[in-house]
Structure formats: structure tokens, C-alpha cells
Amino acid sequence: MVLDSLGKSLRGVLQKIARGSTVDEALLNEVVRDIQRALLQADVNVQLALELTQRVRRRAAEEKPPAGASLRDHLVRIIYEEIRSILGKERTFELRPRKILLAGLFGQGKTTTAGKLARYFQKKGVRVGLVAADVHRPAAIDQLEQLSKKVGCEFYAHRGESRAEVIVAEALARFPPHLAVIVDTAGRSGIDADLIQELARVRKALEPDETLLVLDAAMGQSAGRSAEAFHKAVGLTGVILTKLDGSAKGGGALSAVAVSGAPIVFIGTGEHLDELERFDPTRFVSRLLGMGDIQTLLERFEELADKAGAEKAAEHLMSGKFTLKDMRAQLESLGQMGPFSKLMSLFPAMGGAKIDDQQMQDTQARLRRFRAILDSMNEAEMLEPHVIKSDRVQRIARGSGQRPQEVRALLRYYDATRKAAHGIASNRKLRRQLERQFAGGGPPA
Ligand SMILES: Nc1nc2c(ncn2[C@@H]2O[C@H](COP(=O)(O)OP(=O)(O)OP(=O)(O)O)[C@@H](O)[C@H]2O)c(=O)[nH]1
Ligand SMILES: [Mg+2]
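By the numbering used here, the letter at position 153 of the sequence shown is numbered 915, and the numbering carries on one by one without gaps.
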């Protein structure tokens, strides 16, 4: 796995938390120290590593876990979130015919990555044309041609032509339509005027949708400076970090590039053509920390948060403070509250009778429409629903893609629920049932 030793150390930290008898100051100190050491060994910037562990410490002290969650799980979640946060934003990458320019210094993996990207597109059914625009090294043209044969994609080169932009223009004119065009350019020893001018000319000829910098992860932290300098000079849409398989400094490269302003789009994890992965920071951390466990933990936290929201909604319902916001929290949690029909029978406003499967499906569909409508309201409307008059109904309907009648139906449902709440609040048996329901005690018989 990529970043083997970092992953191993971090998983060791999680095990320590799991084994520790309590989450106390001593354990927290140990955990913070271990995380720092693991990050520094992976070449993460000292300042960044210190700030991260300080945040872990502060949050562990200040934030209360949601009701029902253990201190241990709480701490694991904080560690997960903080490590996730230094890996930067996730970005989409469209798999359709488009134009991609690869740039970078000597030997960073541009040509190899051009081949890998071509394979990546072609595997997903998008045909590719590779363009050899490395005009400084004839061997680079042969290298790319070989790769294009392996991948089975279109290829264009013009041996003897010394202007990269001319090669690019010729390729665009000759390639069949609807190709993803990937341009391999010449490396340099540094970001000099020559490189910047050549890239500017190529960009004018190509009009790329993506300008991707190819960076060797072995640069560690200095990959961040390089990404920043390129970003300033030519404007990048993203970075491809290569050779993460061989580098102990990958953590430094990943975290440093993450703050450069150009997101990491792919990572290279080997010399082979298939060894290119989309970079998804969330999945990356999950894998680093041991995927399964983290995923289950996060899901449980979400459920607990939903439950807390639903409980509050129930409280508001019975105290008469019930707003559309509460209703939304309630709708959100319905999915997890067992047979919906049983819950419905608690609400006189929804008919109070048993319903069959078809009605159930209709109700579910209606709930989805209700959620869409609620999502189109602003805070003031959610908290003070009586301000929603005709013109607002129209706007909310347009925003949610629903008919105005449906918006009015939702408002009627809200009104009925709120009025029925008085009835529930004064009916002790019903009230107890409702409380049990919201507390997750299972639906009433
Ligand atoms: N282990 C590993 N090796 C890689 C990876 N990507 C590229 N390489 C190797 O890195 C070396 C340089 O790759 P190239 O693709 O030729 O690099 P380049 O940037 O095109 O180099 P120049 O055109 O000379 O500037 C080759 O030996 C590749 O096999 C990777 O993700 N992992
Ligand atoms: Mg090359």
C-alpha cells in the first residue's frame, strides 16, 4: 500500500486508543506524540504536524461526543477528521473527450503518466489521442509512441519539428473527433522563462481544459513549493503526484501540495500503466487508517447526530416550538426509525390509520418531495413558516422543482402536525409512545 509505514503507525495509534482502559490525559499525550512522530517520518511539515496534533488535543478536551458515543470513538473520529483536513479538497474529473496538458520538470513521470492517463480514459470507453510535444528529446517521442501502442490509442508526433505548439496544432487538425487529447511536454531542470513561454504557446494552440502538473512524491515537502511556483506561472487545474509507491516522503508531498492551491487529481503508484489512481482524500485516509473500522464509526456518528436532531424535534413538537426545521430533522430520521407505517399511526395528522404498501410507497415519494421543498427554503422561512405567502410559495416551488400545490401541501401537513401536537401532549399514553419512538426504543406494538 502507498505510504505503508505512515499507515502502519497511524493504525498503531488507533489500536492504542482501542486498548487503553480510559481516554485520559496520559493516553492523549501518548497519542499526540505518536501521531506527530508518524507524520514527521512521512516528511509532513513540522508546523503542520504540530498544528494538527494541537487541534486533536484541543478538540478532544473541548468537544463532547454525541450522546451514545464513547470517548474512544470520539477521539478516533477527531484524528480521522484532522488528518483528512490536511489532504486538501476533493475535485471531480470528467471522463469525456477533452484536452489535457501535462507539464513538469525533468524525470517526474510526465511521459509515463500520459500513457497511464490514456489507459485510464480508454478503459472507461473514452478514446484518447496522445501528442508527443517533447521537442527536446527525440527518445521521449519513441517512449510515448511505445506507450500509445500498449494502450491502443491514437498518437501524433512530428519528428524534426522544434516548435511544440505547431505539433499540437497539427495533432488537433489530424486526430479524429471526440478524442480525449493528452499532450506530453518537455521537462526542464527548473521553472525558467523558456519553459513558461513554451507552455504559454502550447496552451494557446491547445486551449486545454486541464493543465496538470506532474510531480514526483520523492520531493517530499518541496513538492508544495514546486506546485505553487507552477501554479503562479502557468495556472494549474490540478496536480498528479507520482511515485508514491516508492517514497517514504509521500505524506509530506501530499500535505504540502494540498495547500498549494492546486488540488491533487491522481496519484501514481508504480511504473506499470495501470498504476494510476484517482485521488480521493476521504478514501485515502480511510484506507490509511484501516477502512472498515473508520467507515462504520463515521456512520454511527451520523446516526447518533440524526437521533439527537429527532429527539430535539420531538421535544419542540410537544412544547409547541415546532418549526419547519424540526420537521425536516424528523423527516431525515424517519428512514432509520423502523416501519414507517407504525410511526404514521402515531400522527393523527397523517391519517392515523394503517396503510398498505402502495400507500407506503406514495408516502415515501411524497417525503422525498417534501425534503426537496424544505431544502429550497431559507432559514427565516424554516423558523417562521407563517411568512411563506404566495410569492414565496412560487419561488420555493421553482427552486425545488416541485409544483406550488406540493409546497402548500407541505405547509398544510406542517400545520396539522403542529396542531395535533397539542393533542399528543395532553394524551399521556400517546405521549409516552412518541417519546419511546424518538428515543429509538422501537415502534409501539
Ligand atoms: N515507481 C514508480 N515509477 C514511476 C512512476 N511514474 C513514473 N515512474 C518512473 O519514473 C521514471 C521517469 O518517468 P518519465 O515518465 O520518463 O518522466 P518524464 O517526466 O517524462 O521525464 P522527462 O521527459 O525526461 O522529463 C521512469 O523510469 C518511470 O518508469 C510511479 O508512479 N511509480
Ligand atoms: Mg518525458
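Quick reminder that beta carbons are idealized off the backbone N, C-alpha and C, glycines included.
*Any heavy atom of ligand 1 within a distance shorter than 7 angstroms of the CB on residue 868?*
yes
*To the nearest angstrom, report how far apart residue 1019 and residue 1061 are at their CA atoms.*
29 angstroms
*Kindly confirm or deny that the segment 996-1007 and the segment 789-799 touch, where touching means at least three C-beta pairs closer than 8 angstroms.*
Taking a cut-off of 8 angstroms for Cβ pairs, the segment 996-1007 and the segment 789-799 do not touch, as fewer than three such pairs fall below it.
*Taking C-alpha atoms, which residue in 1074, 918, 862, 908 lies nearest to residue 942?*
862
_Would residue 915 and residue 880 be called neighbours here (beta carbons separated by less than 8 angstroms)?_
Yes, the Cβ-Cβ distance between residue 915 and residue 880 is below 8 angstroms.
*Alpha carbon to alpha carbon, how far is residue 807 from residue 1153?*
54 angstroms
*CB of residue 899 to nearest heavy atom of ligand 1: below 7 angstroms?*
yes
*Could you check if residue 816 is buried or exposed, using at least 16 other CB atoms within 10 Å of its CB as the buried criterion?*
exposed
*For residue 940, does the count of other Cβ atoms within 10 angstroms reach 16, so buried, or fall short, so exposed?*
exposed
_Helix, strand or coil at residue 1010 according to DSSP, with G and I counted as helix_ = coil
*What number of angstroms, rounded off, separates the C-alpha of residue 1113 from the C-alpha of residue 1178?*
Low confidence applies here, because residue 1113 scores a pLDDT of 46, under 50, leaving its location unreliable and the question unanswered by this model.
*Taking the Cβ atom as the reference point for each residue, do residue 872 and residue 947 lie within a distance shorter than 8 angstroms?*
yes
*Could I get the ranges of all uninterrupted beta strand (DSSP E) runs contained in the segment 1017-1066, with 3 residues as the minimum, in chain order?*
1026-1030, 1038-1040
*Using three-state DSSP, classify residue 1182 as helix, strand or coil.*
helix
*Could you have a look at residue 891 and say whether DSSP puts it in helix, strand or coil?*
Residue 891 falls in the strand class under three-state DSSP.
*Between 855, 1005, 1040, 1001, which lies nearest to residue 1023 when the distance is taken from Cα to Cα?*
It is 1001 whose Cα lies nearest to the Cα of residue 1023.
*Expressed to the nearest angstrom, what Euclidean distance is found between the alpha-carbon atoms of residue 889 and residue 932?*
Those two C-alpha atoms are separated by around 18 angstroms.
*Considering only C-alpha positions, which residue in the set 845, 780, 886, 1085 is nearest to residue 1036?*
Relative to the Cα of residue 1036, the nearest Cα in the group 845, 780, 886, 1085 belongs to 886.
_Below-8 angstroms beta-carbon distance, residue 901 vs any chain C residue_ = No chain C is part of this structure, which consists of one protein chain only.
_With three or more beta-carbon pairs closer than 8 angstroms as the criterion, would you say the segment 965-984 touches the segment 834-846?_
As far as the Cβ criterion goes, the segment 965-984 does not touch the segment 834-846, which means the pair count is below three.
*List the whole-angstrom C-beta distance separating residue 1006 from residue 1014, where the pair is believed to meet the contact cut-off of C-beta under 8 angstroms.*
Actually they do not touch by this definition, with Cβ atoms about 11 angstroms apart.
*Residue span of the beta strand (DSSP E) that contains residue 943, given as start and end*: Segment 942-947, the beta strand (DSSP E) holding residue 943.
*Evaluate residue 854 with the Cβ neighbour count: other Cβ atoms within 10 Å of its Cβ, from every protein chain shown; 16 or more gives buried, anything less gives exposed.*
exposed
*Please report the Cβ distance between residue 977 and residue 870, rounded to the nearest whole angstrom; I am assuming they are in contact, meaning their Cβ atoms lie under 8 angstroms.*
The pair is a contact, with the Cβ atoms about 6 angstroms apart (cut-off 8 angstroms).
*When you compare only the Cα positions, how much space is there between residue 1080 and residue 1181?*
10 angstroms
*residue 1008: beta carbon under 7 angstroms from a heavy atom of ligand 1?*
yes
*Is the CB-CB distance between residue 857 and residue 883 below 8 angstroms?*
yes
*Flag this pair as yes or no: are the beta carbons of residue 1092 and residue 1072 separated by less than 8 angstroms?*
Taking 8 angstroms as the Cβ cut-off, residue 1092 and residue 1072 qualify as a contacting pair.
*asked:* Quick check: what's the CA-CA separation for residue 951 versus residue 1004?
replied: 17 angstroms
_Distance between residue 1040 and residue 1063 (C-alpha atoms, nearest Å)_ = 27 angstroms
*Between residue 878 and ligand 2, is the CB less than 7 angstroms from at least one heavy atom?*
no
*Just to confirm, does residue 1087 get its C-beta within under 7 angstroms of one of the non-hydrogen atoms of ligand 1?*
no
*Roughly how many angstroms separate the alpha carbons of residue 800 and residue 772, rounded to a whole number?*
Cα-Cα distance, rounded: 7 angstroms.
*Is residue 902 near ligand 1, with its Cβ less than 7 angstroms from a heavy atom?*
Checking every heavy atom of ligand 1 against the Cβ of residue 902, one is found closer than 7 angstroms.
*Can you tell me the Cα-Cα spacing of residue 1090 and residue 821, whole angstroms?*
29 angstroms
_Rounded distance between the beta-carbons of residue 967 and residue 930, thought under 8 angstroms_ = 4 angstroms
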